[in-house]
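Visitor:
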Amino acid sequence: MSTFDLVLLIVLGGFTVSGLFKGIIKILGHFVGLIVGTYVASHFYLNLYAWGEHLVGDHANAGKVAAFIILFVVAARLTRFLFVLIEKLFKFIAVIPGSKYINNLLGAVLGFLEGALILGLIIYVISRYSLIGNFFGDQLTASAIAPFLLRIVKIILPLLPDALKTLQAII
Numbered sequence: 000m001s002t003f004d005l006v007l008l009i010v011l012g013g014f015t016v017s018g019l020f021k022g023i024i025k026i027l028g029h030f031v032g033l034i035v036g037t038y039v040a041s042h043f044y045l046n047l048y049a050w051g052e053h054l055v056g057d058h059a060n061a062g063k064v065a066a067f068i069i070l071f072v073v074a075a076r077l078t079r080f081l082f083v084l085i086e087k088l089f090k091f092i093a094v095i096p097g098s099k100y101i102n103n104l105l106g107a108v109l110g111f112l113e114g115a116l117i118l119g120l121i122i123y124v125i126s127r128y129s130l131i132g133n134f135f136g137d138q139l140t141a142s143a144i145a146p147f148l149l150r151i152v153k154i155i156l157p158l159l160p161d162a163l164k165t166l167q168a169i170i
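Under numbering that gives the first Met the number 0, residues 0 to 170 are what the sequence shown spells out, in order.
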């Protein structure tokens, strides 16, 4: 197992533990935020890049990746905020015996899935732009975890525009 795989597993573990402690409602907000963020970022990142193109100079690929990440984070955070409000409205569910344990266990499962989708999406976008070059490409092709994450990303590929899907990939 490579260091790259170890880092991916640690991050996935962090998402799982976070889901365990936060519970399903908060993690569902994160998950829906992930889907909304992916949709918004993948459809509008080129517009944001065009607006701020003068800021990146000759680093077009880095600017496009940065625009994608910025839009993704903003859209996901706004969606998560809505779920925080929903959670505050539904606090009474915790009164039912055993619901807290089920909430936490389902949160862990969804937290793992959320982490896998986020890492997979990052790997997908970066591999499409070959941003880091040969070193990152070598890490991806040698990884045992990255192909699993990319298979999970196929769940949300219909949300991505065709232009992003057809870019040349490293793996």
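For glycine and all other residues, C-beta sits at the position ideal for the given N, C-alpha and C.
Could you name the residues of the same chain whose beta carbon sits closer than 6 Å to that of Phe-82, not counting the 5 residues immediately before and after it, in chain order?
Guide: Once the five neighbours on either side are set aside, the close Cβ partners of Phe-82 are Gly-28.
Visitor: Rounded to the nearest angstrom, what separates Pro-96 and Val-31 at their Cα positions?
Guide: Spanning the two alpha carbons is a distance of roughly 27 Å.
Visitor: Run the CB neighbour count on Asn-46, radius 10 Å, all protein chains shown included, and call it buried at 16 or more, exposed below.
Guide: With fewer than 16 Cβ atoms within 10 Å of its Cβ, Asn-46 is classed as exposed.
Visitor: Determine, using beta carbons only, whether Leu-7 and Ile-144 come nearer to each other than 8 Å.
Guide: In this structure, Leu-7 sits near Ile-144, with a CB-CB distance shorter than 8 Å.
Visitor: Taking 8 Å as the cut-off, decide whether the C-beta atoms of Phe-89 and Leu-70 are in contact.
Guide: no
Visitor: Would you check if there are 3 or more beta carbon pairs closer than 8 Å linking the stretch 145-157 to the stretch 48-58?
Guide: no
Visitor: Using beta-carbon positions only, say whether Ile-85 and Ile-24 come within less than 8 Å of one another.
Guide: yes
Visitor: Exposed or buried, what is Tyr-99 when buried is set at 16 or more other beta-carbons lying within 10 Å of its beta-carbon?
Guide: Checking the sequence shown, residue 99 turns out to be Lys, not Tyr. When all chains shown are included, Lys-99 counts as exposed.
Visitor: Helix, strand or coil for Asp-57, going by three-state DSSP, please let me know.
Guide: coil
Visitor: Please classify Phe-111 as buried or exposed, where buried requires at least 16 neighbouring CB atoms within 10 angstroms.
Guide: buried
Visitor: I need the DSSP call for Ile-155, collapsed to helix, strand or coil.
Guide: coil
Visitor: In its own chain, which residues sit with a C-beta less than 7 Å from the C-beta of Leu-77, not counting the 5 before and 5 after it?
Guide: none
Visitor: Just to confirm my understanding: we take Val-39, look at its own chain, exclude 5 residues before and 5 after, and list those with CB closer than 7 Å. What are they?
Guide: If we look at Val-39 and ignore the five residues flanking it on each side, its Cβ neighbours are Leu-70, Ala-74.
Visitor: Where Val-10 and Thr-140 are concerned, what is the direct C-alpha to C-alpha distance, given to the nearest angstrom?
Guide: 19 Å
Visitor: Taking the alpha carbon of Tyr-48 as the reference point, which residue from Gly-36, Lys-63, Asn-102 has its own alpha carbon closest?
Guide: Lys-63
Visitor: Within a Cβ cutoff of 8 Å, which residues of the same chain sit near Glu-113, ignoring the five residues on either side of it in sequence?
Guide: Phe-14, Gly-18, Ile-26, His-29, Phe-30, Leu-33
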